[in-house]
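Novice: Using my numbering, you'd call the opening residue of the first sequence number 1111 and step up by one each time.
Every residue, glycine too, gets a C-beta built ideally from N, C-alpha and C.
Can you read through this structure? Questions will come right after.
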Amino acid sequence: MLTTRPTGTNDFLPGESEKWQYIEQLCRQVCAEYGYQEIRLPIFEHTEAYLRSVGETSDIVEKEMYSFEDKGFRHMTLRPEGTAGTVRAFLENKLYANPQPTKLYYIGPMFRYDKPQAGRYRQFNQFGVEVFGADHAAIDAEVIALAVEIFRRLGLTGLTVKLNTVGCAQCRPSHMEELKTYFRQYEDKLCTTCRDRLERNPLRILDCKEEGCKAVAKGAPTTIEAACDVCSAHFQKLQEYLDAIGVRYEIDTNLVRGLDYYTRTAFEIVIDSVGSAQNAIAGGGRYNGLLAQFGGDDLPGIGFAIGLERLLLTLKEQGIELPVGTAPAVYIAPLGEAAQKEAFVLAQALREKGIYTEKDYLGKSLKAQMKAADRFQAKYTVILGDSELEKGVAIVREMASGGQYEVQLNQLAEDLEGRLK
RNA sequence: GUGGAUGUGGUGAAGUGGCUAACACACCGGAUUGUGGCUCCGGCAUUCGUGGGUUCGAUCCCCAUCAUCCACCCCA
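Structure, rendered in structure tokens:
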């Protein structure tokens, strides 16, 4: 009990953590090139922030939130996604006073009380991007391009950008009514959850995977058909912009996002993987009106998030190796207590020069230390025994060739530094 | 929340109602005195997720529980 982690959480051990660092570094690099700046936010927010934004009828709010009451009886929730917190911070810190648009990114853990399975965890990590204050379709295209660029640099293949427009405050209400009217005719053919969705959120029926519902949904009026002129024009322009930079996409009229705040552009990046049913590796869309819901000015917004566990999973499936750390340049093998101290001093001197240095801490035999140096794949091993100490020298062995020579102790750090240049 | 599968040392795994629970890898130590990668030798599970039960006796049978994995659902 004391040695089991909570269900749905992960320990990322050495060997794995380097991969995370690599991916995070890549995300930061691409963001820097696209002009997105990092925002670091709390891990929990007021529960209302999610009720109001993600939507009370969404699965996330209805059954997946890690909510608790703090000692002051305030309702708190471990963030299930990044957009609500980013919007909150944008307004609270009055970033709207800066020249717009504001282009932000975040990276970190999210929490959802799901039943874990491949590519789905209760604590999982997302890299996400949010842009406020720009309504032009160019920014929609840029955001999609940014996600695709990250995947491209990783060498991923077989990904598809699925695109849809899901309506806005103008066209959604009438479309919802159309949908209700349409689906009511086939109510008996819908699954139980979809019957439930019919009145509350008929849009979601379009996304249902049940065969019966899928068949019915085929004939339903699509969001594209129902789109108002502004939405249509926006969607058209987005496609033109994506075409212009060669980002390929597929229009999926059934694509509906599970979070209620999306308007107009909705997209998802899926990967045809064999290993996992969780094939959506990134998802996002536009959310004009969300800032107003938080009580701010009615600035437009758009964003997406990448599920990093899924990204790692996909990389593994596609056999893409990420760097897992570097080998030490120097391994110091002391023999005896006097040498141990000398080795300690030498290690410090080398490290101060920026040289990755390993040493023995256990007083192992020379043989065992050589083995360790070999396992570390150290470039050089410094052997420091009593006879060397007496002469004020150390033996430096180049591991690959097996050649070795003596160096004066007081010149050792400089000597190694020179050789490693 | 629903359904399915699994749970033997650090890892991958064999195994059977009954004497000291295979094997491989990893790890540790050794093969003449202070030197790696190959080879050889030795060590490494009072114990088979946990708690009950059946039995003369259970890792192998039953029940419960916990955990993991997979699918549905949902989503990243």
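Opposite residue 1242 in the DSSP bridges: which residues?
Specialist: Residue mapping note: residue 1242 aligns to position 132 of the first sequence, counting from 1. Paired residues: 1212 and 1411.
Novice: Looking at the structure shown, is residue 1520 part of a helix, part of a strand, or coil, going by DSSP?
Specialist: As a working note, residue 1520 is residue 410 in the first sequence. In this structure, residue 1520 counts as helix in the three-state DSSP scheme.
Novice: Tell me which same chain residues have a C-beta within less than 7 Å of the C-beta of residue 1527, skipping the five on either side of it?
Specialist: Counting from one through the first sequence, the residue named residue 1527 turns up at place 417. For residue 1527, where only same-chain residues beyond five positions count, the Cβ hits under 7 Å are 1463 and 1465.
Novice: Which residue comes first and which comes last in the alpha helix (DSSP H) that contains residue 1467?
Specialist: Numbered from its first residue, the first sequence carries residue 1467 at position 357. First-last for residue 1467: 1467–1469, but that is the beta strand (DSSP E), not the alpha helix (DSSP H).
Novice: Find the nearest neighbour of residue 1536 within the set 1374, 1489, 1451 and 1310, judged by alpha-carbon distance.
Specialist: Any answer about residue 1536 is impossible in this case: the structure gives the chain only from 1111 up to 1531.
Novice: Taking the beta strand (DSSP E) that residue 1300 falls in, what are its first and last residues?
Specialist: Translated into the one-based positions of the first sequence, residue 1300 becomes position 190. Residue 1300 -> no beta strand (DSSP E), and no H or E assigned at all.
Novice: For the putative contact between residue 1453 and residue 1488, defined by C-beta atoms under 8 Å, what is the C-beta separation to the nearest angstrom?
Specialist: Here residue 1453 refers to the residue found at position 343 when the first sequence is read from its first residue. Here residue 1488 refers to the residue found at position 378 when the first sequence is read from its first residue. At roughly 14 Å, the Cβ-Cβ gap does not stay under 8 Å, so residue 1453 and residue 1488 are not in contact.
Novice: Have a look at residue 1413 and residue 1251 and give me their C-alpha separation to the nearest angstrom.
Specialist: In the first sequence, residue 1413 corresponds to position 303, counting from 1. In the first sequence, residue 1251 corresponds to position 141, counting from 1. Near 11 Å, if we compare the C-alpha coordinates of residue 1251 and residue 1413.
Novice: Helix, strand or coil for residue 1503? Go by DSSP, reduced to three states.
Specialist: As a first step, residue 1503 is located in the first sequence; it is residue number 393 there, counting from the start. Here residue 1503 sits in strand by DSSP.
Novice: Taking residue 1344 and residue 1247 to be in contact with their CB atoms under 8 Å, please state how far apart those CB atoms are, rounded to whole angstroms.
Specialist: In the first sequence, counting from the first residue as 1, residue 1344 sits at position 234. In the first sequence, counting from the first residue as 1, residue 1247 sits at position 137. Indeed, because the Cβ distance is near 5 Å, the residues count as touching under 8 Å.
Novice: In its own chain, which residues sit with a C-beta less than 8 Å from the C-beta of residue 1167, not counting the 5 before and 5 after it?
Specialist: As a working note, residue 1167 is residue 57 in the first sequence. Counting only Cβ-Cβ distances below 8 Å, and skipping sequence neighbours, we find 1310, 1311 and 1370.
Novice: Could you have a look at residue 1535 and say whether DSSP puts it in helix, strand or coil?
Specialist: There is simply no residue 1535 to check, as the chain begins at 1111 and stops at 1531 in what is shown.
Novice: For residue 1164, write down the residues that DSSP places opposite it in a beta bridge.
Specialist: Here the question's residue 1164 lines up with position 54 in the first sequence. None; residue 1164 has no bridge partner.
Novice: Measuring CB to CB, does residue 1523 end up less than 7 Å from residue 1460?
Specialist: Walking along the first sequence from the start, residue 1523 turns up at place 413. Walking along the first sequence from the start, residue 1460 turns up at place 350. Cβ distance < 7 Å, so residue 1523 and residue 1460 count as in contact.
Novice: Using DSSP with H/G/I as helix, E/B as strand and the rest coil, what is residue 1280?
Specialist: Residue numbering aside, residue 1280 sits at position 170 when the first sequence is read from its first letter. Three-state DSSP puts residue 1280 in coil, outside helix and strand.
Novice: How many whole angstroms separate the CB atoms of residue 1211 and residue 1243, which I take to be in contact at a CB cut-off of 8 Å?
Specialist: Taking the first sequence and counting its residues from 1, one reaches residue 1211 at position 101. Taking the first sequence and counting its residues from 1, one reaches residue 1243 at position 133. Right, their Cβ atoms sit about 4 Å apart.
Novice: Thinking C-alpha only, which one of 1130, 1476 and 1147 is nearest residue 1264?
Specialist: In the first sequence, residue 1264 corresponds to position 154, counting from 1. The shortest Cα separation from residue 1264 among 1130, 1476 and 1147 belongs to 1130.
Novice: With C-beta atoms as the reference, is residue 1418 less than 7 Å away from residue 1235?
Specialist: Residue 1418 sits at position 308 when you count from the first residue of the first sequence. Residue 1235 sits at position 125 when you count from the first residue of the first sequence. Yes, the pair counts as a contact, with Cβ atoms nearer than the cut-off.
Novice: For residue 1323, which residues in the same chain have their Cβ closer than 8 Å to its Cβ, ignoring the five residues on either side in sequence?
Specialist: Taking the first sequence and counting its residues from 1, one reaches residue 1323 at position 213. If we look at residue 1323 and ignore the five residues flanking it on each side, its Cβ neighbours are 1299, 1300, 1301, 1304 and 1315.
Novice: Out of 1253, 1398 and 1227, state which residue places its alpha-carbon closest to the alpha-carbon of residue 1238.
Specialist: In the first sequence, residue 1238 corresponds to position 128, counting from 1. Of 1253, 1398 and 1227, the residue nearest in Cα terms is 1253.
Novice: My guess is that residue 1281 and residue 1330 are in contact by the Cβ rule of under 8 Å, so how many angstroms apart are they, rounded?
Specialist: In the first sequence, counting from the first residue as 1, residue 1281 sits at position 171. In the first sequence, counting from the first residue as 1, residue 1330 sits at position 220. At roughly 15 Å, the Cβ-Cβ gap does not stay under 8 Å, so residue 1281 and residue 1330 are not in contact.
Novice: Tell me the rounded alpha-carbon separation between residue 1199 and residue 1408.
Specialist: Residue 1199 sits at position 89 when you count from the first residue of the first sequence. Residue 1408 sits at position 298 when you count from the first residue of the first sequence. When rounded, the distance between both Cα atoms is 15 Å.
Novice: Using the rule of at least 16 other Cβ atoms within 10 Å of the residue's Cβ for burial, across every protein chain shown, is residue 1484 buried or exposed?
Specialist: Looking up residue 1484 in the first sequence gives position 374. Its Cβ having fewer than 16 others within 10 Å, residue 1484 is exposed.
Novice: To which residues of the same chain is residue 1430 closer than 6 Å at the C-beta, ignoring the five residues directly before and after it?
Specialist: Taking the first sequence and counting its residues from 1, the one referred to as residue 1430 is at position 320. The answer, listed in chain order, is 1265.
Novice: At what residues does the beta strand (DSSP E) containing residue 1117 begin and finish?
Specialist: Start at 1 with the first residue of the first sequence, and residue 1117 comes out as number 7. Neither: residue 1117 is in no beta strand (DSSP E) and is coded neither H nor E.
Novice: Give the list of continuous alpha helix (DSSP H) stretches no shorter than 4 residues that lie fully inside the segment 1435–1476.
Specialist: List check, alpha helix (DSSP H) in window: 1447–1462.
Novice: Counting only runs of 3+ residues fully inside the segment 1309–1386, write out the beta strand (DSSP E) ranges in chain order.
Specialist: List check, beta strand (DSSP E) in window: 1373–1381.
Novice: Compute the distance between the beta-carbons of residue 1367 and residue 1406, then report whether it is under 7 Å.
Specialist: Taking the first sequence and counting its residues from 1, one reaches residue 1367 at position 257. Taking the first sequence and counting its residues from 1, one reaches residue 1406 at position 296. For residue 1367 and residue 1406, no; Cβs fall outside 7 Å.
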